[in-house]
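Worksheet for the structure shown next.
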Amino acid sequence: MKPNQKFYLATCLSLIMTIVPAMAFSQTEALPTETSMLFSGSGNCAFCHTSNGVALTDSKGIDLSISTDWRATMMGNSARDPLWQAKVESEVMENPALKALIEDKCTTCHAPMGRTQAVHDGASGYSIEAMRTNALAMDGVSCTACHQIQPENLGTDASFSGKYQIEDTRQIFGPYQDVVPMPMMHHTGYTPQYGEHIHKSELCATCHTLFTPFVDDEGEIAGMFPEQTPYLEWQNSIFSQKEIHCQDCHMPRIDEAVKISSMPPWIGTQSPFWRHQFVGGNAFMLQIIRDNAAEIGATATAAQFDKTIAQTRMQLREKTASLNVQPSRKGGQLLLEVEIANRTGHKFPTGFPGRRAWLHVLVQNDNGEKIFESGAFDQNGRIQNLTSIFEPHYDFISSENQAQIYETVMTDVNDELTFTLLRAAKYKKDNRLPPRGFVSTAKRIADVAIHGAAAGDANFNRDDKNEGTGRDLVTYQIAVPATTKNLKFMVELLYQTAKPAFVDDLLMHDTPAVARFSKYFHGASKAPEVIAHMAGAL
Numbered sequence: 269m270k271p272n273q274k275f276y277l278a279t280c281l282s283l284i285m286t287i288v289p290a291m292a293f294s295q296t297e298a299l300p301t302e303t304s305m306l307f308s309g310s311g312n313c314a315f316c317h318t319s320n321g322v323a324l325t326d327s328k329g330i331d332l333s334i335s336t337d338w339r340a341t342m343m344g345n346s347a348r349d350p351l352w353q354a355k356v357e358s359e360v361m362e363n364p365a366l367k368a369l370i371e372d373k374c375t376t377c378h379a380p381m382g383r384t385q386a387v388h389d390g391a392s393g394y395s396i397e398a399m400r401t402n403a404l405a406m407d408g409v410s411c412t413a414c415h416q417i418q419p420e421n422l423g424t425d426a427s428f429s430g431k432y433q434i435e436d437t438r439q440i441f442g443p444y445q446d447v448v449p450m451p452m453m454h455h456t457g458y459t460p461q462y463g464e465h466i467h468k469s470e471l472c473a474t475c476h477t478l479f480t481p482f483v484d485d486e487g488e489i490a491g492m493f494p495e496q497t498p499y500l501e502w503q504n505s506i507f508s509q510k511e512i513h514c515q516d517c518h519m520p521r522i523d524e525a526v527k528i529s530s531m532p533p534w535i536g537t538q539s540p541f542w543r544h545q546f547v548g549g550n551a552f553m554l555q556i557i558r559d560n561a562a563e564i565g566a567t568a569t570a571a572q573f574d575k576t577i578a579q580t581r582m583q584l585r586e587k588t589a590s591l592n593v594q595p596s597r598k599g600g601q602l603l604l605e606v607e608i609a610n611r612t613g614h615k616f617p618t619g620f621p622g623r624r625a626w627l628h629v630l631v632q633n634d635n636g637e638k639i640f641e642s643g644a645f646d647q648n649g650r651i652q653n654l655t656s657i658f659e660p661h662y663d664f665i666s667s668e669n670q671a672q673i674y675e676t677v678m679t680d681v682n683d684e685l686t687f688t689l690l691r692a693a694k695y696k697k698d699n700r701l702p703p704r705g706f707v708s709t710a711k712r713i714a715d716v717a718i719h720g721a722a723a724g725d726a727n728f729n730r731d732d733k734n735e736g737t738g739r740d741l742v743t744y745q746i747a748v749p750a751t752t753k754n755l756k757f758m759v760e761l762l763y764q765t766a767k768p769a770f771v772d773d774l775l776m777h778d779t780p781a782v783a784r785f786s787k788y789f790h791g792a793s794k795a796p797e798v799i800a801h802m803a804g805a806l
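Next comes the structure, spelled out in structure tokens:
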């Protein structure tokens, strides 16, 4: 028998010997196993990359299965995301002549396997209708999408806005140099190989640097708008200088030897291992998808979603931002100097412009009676007592009708507020907290600039000498009765994935996807996420 025949026979025997225990631990029945010329469903990858009690298990016995982690993430549910689907339909309703452009652009990153295969086969674009009936498209940002992205042009404009390159060479790039290619080649037809770019921010930048076209009053495309720029924000930070990449924060690293495949059983271990948890800040939509999983078509269990939601909240509370409060009192005035520090490698909030964070400040007397409150919110997540169309950035706050909200506000070609992406021509306000090291002299500053009153705030991303602190200092000047001896204060930084004004605008559109999202939204908790909290007395 020839050496290659012996190897093939050994591999086949290994597969047969391990198939029963592997399937006992597998949850791949709901994952797609369809294939195309370029892509393979995540179910095929999960067949080997799921824990069997030995492989993809750490020294404490914790399941590290790639598909188990991934299927309960926003990446794994990108095509099913009901908020995204609703937003796409609302944009088409506002700009019906651009329907083909909108759907093709949006599916490029939310349904990459379906869209990329269609274009490879000669299609001029891709539609939501085609996506809904294609199992590979509905598999979201899946294994053979990310792991086949070629390294050329990454980190440049040529790769941004979904212009990743995938060839028909069936190469699977990974972070390990000493790989054994034959098992994957025989089982899937893909050849695994080392790709340094697979754990670089430039890979993520292909979709997380997005410029969208905007139209004028005649519906004609008038320019491009930086819809989201986490990568460019990261470039303008100390995180890029220190080579701390997206994957280092969003894919928890295991620094021990891990057997990354259950088959064949003799395969060796690799180190380190990056968990495919893709932890971000979107606990809100993860809960909605979990609670409506059957109708949405999610493949993860409620327990798997709960785990990802818990990890998301841990990330938000422990690794996102910090608070420091310095209280002082002079007679009838209480001063609270509140400093917020961004701990992420991009702006906070970042990404899609419908997100916001804000400060909730409460002052009480010894009896628990309220003396002052800014940033209070109701059960629908609406900030109370505000009277302006949108809140400007503040350096000083002295009224309950004022609240410090970190957000973007978009305007159209007429400088009128808009929530329609294809009408968004510029940012009227962008006081999101910059990352440390963020400076106004950066090369791409026009795409990531601070806008509005924050740009002139002497202690927003600045101290006495330099910019780039990644901090903001807000002083609350609160009138208190001189006879009140003891005061208690509480300050918290809160976060919302979808601010109410954005949702209100979305729900005005009468489309099937919007109606479906409305049903899910009204049945969901609107409580904001607590990022940081501090309380004290004086």
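Each number in our numbering comes from the position in the sequence shown (counting from 1) with 268 added on. Backbone N, C-alpha and C fix where the C-beta goes; we use that ideal spot for every residue, glycine too.
Span of the alpha helix (DSSP H) around PHE785: That run of the alpha helix (DSSP H) goes 780-790.
Identified DSSP bridge partners for TRP626: Answer is ILE673, LEU762.
SER786 Cβ short of 6 Å to the ligand MG heavy atom set: As presented, the structure is devoid of all ligands, the ligand MG included, so that no description of it is given.
Assigned secondary structure, VAL447 (DSSP; H/G/I helix, E/B strand, else coil): Three-state DSSP puts VAL447 in coil, outside helix and strand.
Where TYR462 falls, given that 16 or more other Cβ within 10 Å makes a residue buried: Label assigned to TYR462: exposed.
Beta-carbon proximity of ALA609 to SER596, cut-off 7 Å: When the beta-carbon positions are compared, ALA609 and SER596 stay at least 7 Å from each other.
Three-pair Cβ contact test at 8 Å for the segment 745-754 versus the segment 615-624: When C-beta atoms of the segment 745-754 are compared with those of the segment 615-624, fewer than three pairs fall below 8 Å, so the two segments do not count as touching.
Proximity of VAL707 and GLY736 at Cβ, strictly below 7 Å: In this structure, GLY736 lies closer than 7 Å to VAL707 by Cβ.
Contact set for LEU428: own chain, Cβ-Cβ below 6 Å, skip 5 residues either direction: Looking at the sequence itself, residue 428 is Phe, so the reference to Leu does not match. By the criterion of a C-beta distance shorter than 6 Å, PHE428 is surrounded in its chain by THR477, once the five residues flanking it on both sides are discounted.
C-alpha gap between LYS598 and ILE718, whole angstroms: When rounded, the separation of the alpha-carbon atoms in LYS598 and ILE718 is 34 Å.
CA-to-CA distance, ILE417 to ARG543, given in whole angstroms: The straight-line gap from Cα to Cα measures roughly 19 Å.
Backbone CA spacing between MET776 and GLU486 [nearest angstrom]: Cα to Cα, the separation comes out at about 22 Å.
Opening and closing residue of the alpha helix (DSSP H) in which SER327 lies: In this chain, SER327 is not harboured by any alpha helix (DSSP H), its DSSP state being neither H nor E.
Alpha-carbon to alpha-carbon, GLY600 and ILE577: In a straight line, the C-alpha of ILE577 is about 44 Å away from that of GLY600.
Simplified DSSP state of SER596, which is helix, strand or coil: Here SER596 carries a strand assignment [DSSP, helix/strand/coil].
Cutoff 7 Å; reference HIS513; Cβ partners in own chain excluding five residues on either side: Within the same chain, HIS467, LYS468, SER469 come within 7 Å of HIS513 by CB-CB distance, once the 5 residues on both sides are set aside.
Residues bridged to MET678 [DSSP beta-bridge criterion]: Looking at the DSSP assignment, MET678 forms a beta bridge with TYR695.
DSSP state of SER410 mapped onto helix, strand, coil: Coil at SER410, not helix or strand.
Three-state secondary structure assigned by DSSP to PRO364: PRO364 falls in the helix class under three-state DSSP.
Same chain only: Cβ atoms within 6 Å of ILE799, ignoring 5 sequence neighbours per side: Exclusion of the five residues before and after ILE799 leaves LEU584, THR588, ALA589, LEU761, TYR763 as the residues of its chain whose Cβ lies within less than 6 Å of its Cβ.
Candidates LEU690, ASP634, LEU630: closest to SER666 by CA position: In terms of CA proximity to SER666, LEU630 leads the group LEU690, ASP634, LEU630.
Through-space distance from ILE556 to ALA290, alpha-carbon basis: In this predicted model, ALA290 has a pLDDT of only 39, less than 50, meaning its place in the structure is not dependable; the value taken from the coordinates is given anyway. Separation of ALA290 and ILE556 (C-alpha to C-alpha, rounded to the nearest whole angstrom) is 31 Å.
From TYR744, HIS801, PRO660, MET519, residue whose alpha carbon lies closest to that of GLU586: Taking only the C-alpha atoms, the option nearest GLU586 is HIS801.
Reduced DSSP secondary structure (H/G/I, E/B, other) of THR296: Residue placement at THR296 is flagged as unreliable, the pLDDT there being 35, under the threshold of 50; a coordinate-derived value is accordingly withheld.
Per DSSP, cross-strand counterpart(s) of GLN642: What sits at residue 642 in the sequence shown is Ser, not Gln. Paired residue(s): VAL629.
Chain-order list of residues whose beta-carbon lies under 6 Å from that of CYS313 (same chain, five-residue window excluded): Closer than 6 Å at Cβ, skipping near neighbours: CYS411.
First and last residue of the uninterrupted alpha helix (DSSP H) at VAL387: Start and end: 380-388.
Nearest-angstrom Cβ-Cβ length linking LEU741 and ASN727, presumed shorter than 8 Å: Confirmed, about 4 Å.
DSSP three-state assignment for SER590, whether helix, strand or coil: Correct three-state label for SER590: strand.
Through-space distance from ASP337 to PHE315, alpha-carbon basis: A direct Cα-to-Cα measurement between PHE315 and ASP337 gives close to 14 Å.
Ordered list of beta strand (DSSP E) runs contained in the segment 481-553, each at least 3 residues: DSSP runs (the beta strand (DSSP E)) wholly in the segment 481-553: 489-496.
Beta-carbon contacts of GLU659 that lie in its chain and below 6 Å, excluding the five residues immediately before and after: Counting only Cβ-Cβ distances below 6 Å, and skipping sequence neighbours, we find ALA671, ILE673.
Spatially closest choice to ALA766 from GLY491, GLU797, ASP778, by CA coordinates: For ALA766, the closest alpha carbon among the candidates GLY491, GLU797, ASP778 is that of GLU797.
Span of the beta strand (DSSP E), counted from its first residue to its last, around ALA800: That run of the beta strand (DSSP E) goes 797-805.
Backbone CA spacing between LYS787 and GLU563 [nearest angstrom]: Each residue's Cα considered, the two are about 12 Å apart.
Residues near ILE489 in its chain [Cβ-Cβ closer than 6 Å; skip 5 each side]: Within the same chain, ILE489 has close Cβ partners PRO481, VAL483.
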